[in-house]
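Written below as structure tokens is the structure these notes are about.
There are 2 protein chains.
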Amino acid sequence: MPDLATRFETNPILRPAAVKPSREGLEVVCLLNPGTFRHGGKTWLLLRVAERPRQVDGRISTPIIDPYGPGGITILNYSLSDPEVVSRDPRAFEYQGKSYLTTLSHLRLASSDDGIHFTVEDAPTLMGQGELESFGIEDSRVTEIEGRFYLTYTAVSPSGIGVGMTSTEDWKTFTPHGLIFPPSNKDCALFPQKVGGEYLALHRPSNLYIGGPFIWLARSPDLRHWGQHRCLAWTRPGHWDSTRIGAGAEPILTDRGWLAIYHGADENSRYCLGALLLDKDDPGKVLSRSYDPIMVPTAPYELTGFFGNVVFTNGHTRDGDVLTVYYGASDEVICGATFSIQEILDSLPLE
Amino acid sequence: MPDLATRFETNPILRPAAVKPSREGLEVVCLLNPGTFRHGGKTWLLLRVAERPRQVDGRISTPIIDPYGPGGITILNYSLSDPEVVSRDPRAFEYQGKSYLTTLSHLRLASSDDGIHFTVEDAPTLMGQGELESFGIEDSRVTEIEGRFYLTYTAVSPSGIGVGMTSTEDWKTFTPHGLIFPPSNKDCALFPQKVGGEYLALHRPSNLYIGGPFIWLARSPDLRHWGQHRCLAWTRPGHWDSTRIGAGAEPILTDRGWLAIYHGADENSRYCLGALLLDKDDPGKVLSRSYDPIMVPTAPYELTGFFGNVVFTNGHTRDGDVLTVYYGASDEVICGATFSIQEILDSLPLE
Numbered sequence: 009m010p011d012l013a014t015r016f017e018t019n020p021i022l023r024p025a026a027v028k029p030s031r032e033g034l035e036v037v038c039l040l041n042p043g044t045f046r047h048g049g050k051t052w053l054l055l056r057v058a059e060r061p062r063q064v065d066g067r068i069s070t071p072i073i074d075p076y077g078p079g080g081i082t083i084l085n086y087s088l089s090d091p092e093v094v095s096r097d098p099r100a101f102e103y104q105g106k107s108y109l110t111t112l113s114h115l116r117l118a119s120s121d122d123g124i125h126f127t128v129e130d131a132p133t134l135m136g137q138g139e140l141e142s143f144g145i146e147d148s149r150v151t152e153i154e155g156r157f158y159l160t161y162t163a164v165s166p167s168g169i170g171v172g173m174t175s176t177e178d179w180k181t182f183t184p185h186g187l188i189f190p191p192s193n194k195d196c197a198l199f200p201q202k203v204g205g206e207y208l209a210l211h212r213p214s215n216l217y218i219g220g221p222f223i224w225l226a227r228s229p230d231l232r233h234w235g236q237h238r239c240l241a242w243t244r245p246g247h248w249d250s251t252r253i254g255a256g257a258e259p260i261l262t263d264r265g266w267l268a269i270y271h272g273a274d275e276n277s278r279y280c281l282g283a284l285l286l287d288k289d290d291p292g293k294v295l296s297r298s299y300d301p302i303m304v305p306t307a308p309y310e311l312t313g314f315f316g317n318v319v320f321t322n323g324h325t326r327d328g329d330v331l332t333v334y335y336g337a338s339d340e341v342i343c344g345a346t347f348s349i350q351e352i353l354d355s356l357p358l359e
Numbered sequence: 009m010p011d012l013a014t015r016f017e018t019n020p021i022l023r024p025a026a027v028k029p030s031r032e033g034l035e036v037v038c039l040l041n042p043g044t045f046r047h048g049g050k051t052w053l054l055l056r057v058a059e060r061p062r063q064v065d066g067r068i069s070t071p072i073i074d075p076y077g078p079g080g081i082t083i084l085n086y087s088l089s090d091p092e093v094v095s096r097d098p099r100a101f102e103y104q105g106k107s108y109l110t111t112l113s114h115l116r117l118a119s120s121d122d123g124i125h126f127t128v129e130d131a132p133t134l135m136g137q138g139e140l141e142s143f144g145i146e147d148s149r150v151t152e153i154e155g156r157f158y159l160t161y162t163a164v165s166p167s168g169i170g171v172g173m174t175s176t177e178d179w180k181t182f183t184p185h186g187l188i189f190p191p192s193n194k195d196c197a198l199f200p201q202k203v204g205g206e207y208l209a210l211h212r213p214s215n216l217y218i219g220g221p222f223i224w225l226a227r228s229p230d231l232r233h234w235g236q237h238r239c240l241a242w243t244r245p246g247h248w249d250s251t252r253i254g255a256g257a258e259p260i261l262t263d264r265g266w267l268a269i270y271h272g273a274d275e276n277s278r279y280c281l282g283a284l285l286l287d288k289d290d291p292g293k294v295l296s297r298s299y300d301p302i303m304v305p306t307a308p309y310e311l312t313g314f315f316g317n318v319v320f321t322n323g324h325t326r327d328g329d330v331l332t333v334y335y336g337a338s339d340e341v342i343c344g345a346t347f348s349i350q351e352i353l354d355s356l357p358l359e
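So the protein sequences, as listed, match chains U and P.
Terminal number for the first sequence in this note's numbering: 359, no gaps in between.
Terminal number for the second sequence in this note's numbering: 359, no gaps in between.
If you want it as structure tokens, here you go:
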């Protein structure tokens, strides 16, 4: 099935080997899902860098942040023959009935003059901090609002998976704003401007028993406190987005409304991209939604990797009609692709 | 095991048979978990009234609110021999992989001059409304703040289980404030006053994979938008509160701090009550927590019923040292018990 993406010829544009581990004894296993922004004439990616100790046959080891220590980490190390160790998938395992991730993620900047060739910084930009981020921070969205950059990201800890936020003007000093959405929540995309006098965010609560991993809209007077939650989009049984959906980066204002790129996964955990069109003045109103995906994992680096058959985006830049989407492929490498915004809009079912 | 509760001699104080169904064709199956407040010289309970059509052998039927209709309901009716019907427990079932409740709950006032003998109103006070409440509203907490009553309640729909809020001064006109915590969330108890310049709430998000049904604290400038979430209390493996915990009614200000009654369930879904003591000036700091429960299902009406072995509270009144707790027993009847606040405080492990 052809899709609407024009992939960079240089894909993947960043691989784990291009990135220095944050400390001795760790290796960078995956680069994932970069937040994206422009600043100082450059295009920047805020990469999710996933690390772990080099694995030894017959054992599993993973780093966690010591929530009470000054930037320290602890390495957990278990024998795979221990019946208390249960491997779930490449991303997570259980020990004594408690869940752990196989890697610890931090966020790190990479910059580029042309949006294609990126240089990764040598050290982490943001590490998880405190007891709500002891299993790391992941999948940042970067939105510039009123001259300040707001970063929403997935905060993981034994207490659950929620959405943390921090902000910066200069990318040197950050102001933490705490956890803005409690567990289970991720995939939070802030709108770049107020609509109807309020700040808005797409987010993705997950549910037990009733409901599911759907896309919701929330409203805020100050970006730090959120309410008036409503469900905007549900998974669609039998479709490419049947089991979970979540917003990409900030929605894009077009003549026809807010265009929100989202990811959808099916029963086989194939992750594709699609689009939602939201009313310009009342984004709580969904005008249209992709019937077919606008991007499907098809390139070799999208089909095979740490967790294959995945294209996942939470960062893009826009130049007129051209939307450059940066995405994680197979949970392992960073890639880019361009879309025509008009083509995406034209692909949406009539309102 | 003796507990700290002195049960009313008249327990249960309200049974389903005492309550008129909201419409022809429905029966009241259970009375549950009342919010409690004082107003106009009376003690009031805001009961959760759970209804369904009278059940017929071999079939299961349940009402749902038509989210688009003007107060209408639809009756779903399935054969139990349909392989698409999967019964989970008395409270829920699945049809074609989707979850439904076996009853539809609304909220209804009952009033009393002595706090023991209650008269239930003939009609619902609040019914679920709109697409986020189509499976009903449950388990209200009523908190008087600055002369206005704020009701937080569980809003259930196919989109998930979240926390809705409405407010009133006269109990005739209500101002809805929307969903204040997205799914999965319930057991939201507002503090009766600002602390450190902010409104506070205990709430209970539930998690997938990592985390669990723990008690969290959130902060708000306006009661409608919430942030700065932190986890306060976790389940305790091997204890009476090993599988899920959630706040009761509003925390009680004492000399030693905020006393919060909570419920805890174990692997056998036995629900007991315990207490948390939170710092007076920073309720994000837990000073102490019950080692043993302060109330355990032991009376016959607590051991057997629609869902037995349950004491569950979300409403109380206070008169000096006497805390009168109203509670749902076995998810079927309403009961009352008194506690000495000092005795609860004395029962807490040393800080």
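Using N, Cα and C, we set each Cβ at its ideal position, and we do this for glycine too.
Since this is a predicted model, take the numbers as computed values, not measurements.
Own chain residues within Cβ distance below 8 Å of T243 of chain U, not counting five before or after: Apart from sequence neighbours up to five positions away, the residues of its chain that approach T243 of chain U with a beta-carbon distance below 8 Å are G220, P221, F222, D249, S250, T251, R252, I253, G272, ordered along the chain.
What would DSSP say about S119 of chain U, mapped onto helix, strand or coil? Three-state result, S119 of chain U: strand.
C343 of chain U CB to nearest chain P CB: under 8 Å? When Cβ-Cβ separations below 8 Å define contact, C343 of chain U makes no contact with chain P.
So, at 6 Å on beta carbons, what are the nonlocal neighbours of L356 of chain P in its own chain, with the 5 sequence-adjacent residues on each side left out? The beta carbon of L356 of chain P lies closer than 6 Å to those of L285, S296 in the same chain, with the five residues before and after it left out.
Closest by C-alpha distance to A58 of chain U, when choosing among U:R23, U:D65, U:L140: Selected option, being the one with the closest Cα: U:R23.
Would you report the Cα separation of R60 of chain U and L240 of chain P, rounded to the nearest angstrom? Answer to the nearest angstrom: the Cα atoms are 29 Å apart.
Closer than 9 Å, Cβ to Cβ, to anything on chain P: give me those residues from the region 235-249 of chain U, in chain order. For the region 235-249 of chain U, which is checked against every Cβ of chain P, the residues closer than 9 Å are G235, Q236, H237, R238, C239, W242, P245.
Anyone know if the C-beta pair for L187 of chain P and F143 of chain P falls short of 8 Å? Annotated as distal: L187 of chain P and F143 of chain P, with beta-carbon spacing of 8 Å or more.
Please compile the residues from chain P whose C-beta is within a distance smaller than 7 Å of the C-beta of F222 of chain U. Think of a sphere of 7 Å around the beta carbon of F222 of chain U: the chain P residues whose beta carbon falls inside it are S167, in chain order.
Please check if any C-beta of chain P sits within less than 8 Å of the C-beta of A255 of chain U. So, not an interface residue.
Have a look at P:S89, P:P166, P:S107 and flag the residue whose alpha-carbon is nearest the alpha-carbon of D97 of chain P. Closest by alpha carbon: P:S107.
3 or more residues per run - each beta strand (DSSP E) lying fully within the region 149-231 of chain U: Qualifying beta strand (DSSP E) stretches, in chain order: 156-165, 168-176, 183-189, 193-198, 207-213, 223-228.
Residues of chain U with CB closer than 7 Å to the CB of V164 of chain P, please, in chain order. The contacting residues are I218.
So with Cβ pairs under 8 Å, would you call H47 of chain P a contact of chain U? No, because no Cβ of chain U sits closer than 8 Å to the Cβ of H47 of chain P.
Assuming the contact rule is C-beta atoms closer than 8 Å, M303 of chain U and L12 of chain U should be a hit. Round their C-beta distance to whole Å, please. Between L12 of chain U and M303 of chain U the Cβ distance is about 7 Å, and since that is below 8 Å, they are a contact.
Please state whether the Cβ-Cβ distance between R156 of chain U and G43 of chain U is less than 8 Å. With contacts defined as CB atoms closer than 8 Å, R156 of chain U and G43 of chain U fail to qualify as a contacting pair.
What are the boundary residues of the beta strand (DSSP E) that includes D327 of chain P? The continuous beta strand (DSSP E) containing D327 of chain P extends over residues 319-327.
Would you identify the three-state DSSP class for P308 of chain U, choosing helix, strand or coil? In the three-state reduction of the DSSP assignment, P308 of chain U falls in the helix class.
Looking only at its chain, what residues have a beta carbon closer than 6 Å to the beta carbon of P259 of chain P, apart from the 5 residues adjacent to it on each side? These residues qualify, in order along the chain: F199, W266, A268.
Can you check whether the C-beta of S228 of chain U is within less than 8 Å of a C-beta belonging to chain P? For S228 of chain U, the nearest beta carbon of chain P is closer than 8 Å to its own beta carbon.
Short CB-CB distance (under 8 Å) between S214 of chain P and chain U: At least one chain U Cβ lies under 8 Å of S214 of chain P.
Step through the CB atoms of chain P and report whether any lies within less than 8 Å of the CB of L140 of chain U. So yes, L140 of chain U belongs to the interface.
Taking G204 of chain P as the reference, give the member of P:Y217, P:P213, P:G292, P:Y270 with the closest Cα. Considering only alpha carbons, the answer is P:G292.
Expressed to the nearest angstrom, what Euclidean distance is found between the alpha-carbon atoms of P29 of chain U and V37 of chain U? If you draw a straight line from the Cα of P29 of chain U to the Cα of V37 of chain U, it comes to about 9 Å.
How long is the line joining the alpha carbons of T353 of chain U and Y334 of chain U, rounded to whole angstroms? Reading the sequence as shown, one finds Leu at residue 353 of chain U and not Thr. Between the C-alpha atoms of L353 of chain U and Y334 of chain U there is a straight-line separation of about 19 Å.
Cutoff 8 Å: G170 of chain U Cβ touching any chain P Cβ: It does: the Cβ of G170 of chain U has a partner Cβ on chain P nearer than 8 Å.
I349 of chain U and L331 of chain U - do their beta-carbons sit closer together than 8 Å? In this structure, I349 of chain U lies closer than 8 Å to L331 of chain U by Cβ.
Less than 8 Å between the C-beta atoms of L231 of chain U and Y270 of chain U, yes or no? No; because the gap between Cβ atoms is not below 8 Å, this pair is not in contact.
Let me know the beta strand (DSSP E) ranges lying completely inside the region 239-324 of chain U, each 3 residues or longer, listed in chain order. Runs of the beta strand (DSSP E) lying entirely within the region 239-324 of chain U, each at least 3 residues long, are 252-255, 260-262, 265-273, 279-286, 294-297 in chain order.
For G144 of chain U, the residue or residues it bridges with in DSSP: Note: G144 of chain U sits in a beta bridge opposite U:S113.
Report the residues of the region 187-215 of chain P with a CB closer than 9 Å to any CB of chain U, ordered along the chain. Taken in chain order, the members of the region 187-215 of chain P whose beta-carbon sits within less than 9 Å of a beta-carbon on chain U are L187, I188, F189, P190, P191, S192, N193, H211, P213, S214, N215.
With H, G and I counted as helix, E and B as strand and the rest as coil, what does DSSP make of I349 of chain P? Three-state result, I349 of chain P: helix.
What is the C-beta distance between A337 of chain U and Y299 of chain U, in whole angstroms, given that I count them as a contact (C-beta under 8 Å)? About 24 Å; that fails the 8 Å criterion.
Using a Cβ cut-off of 9 Å, which residues of the region 105-133 of chain U contact any Cβ in chain P, in chain order? Contact annotation: in the region 105-133 of chain U, residues whose CB is within less than 9 Å of a CB in chain P are G105, K106, S107, Y108, L109.
According to DSSP, V8 of chain P sits in a beta bridge with which residue or residues? Given a span of 9 to 359 for chain P in the structure shown, any question on residue 8 of chain P remains unanswerable.
Under 8 Å between the Cβ atoms of N317 of chain P and P305 of chain P? Yes, the Cβ-Cβ distance between N317 of chain P and P305 of chain P is below 8 Å.
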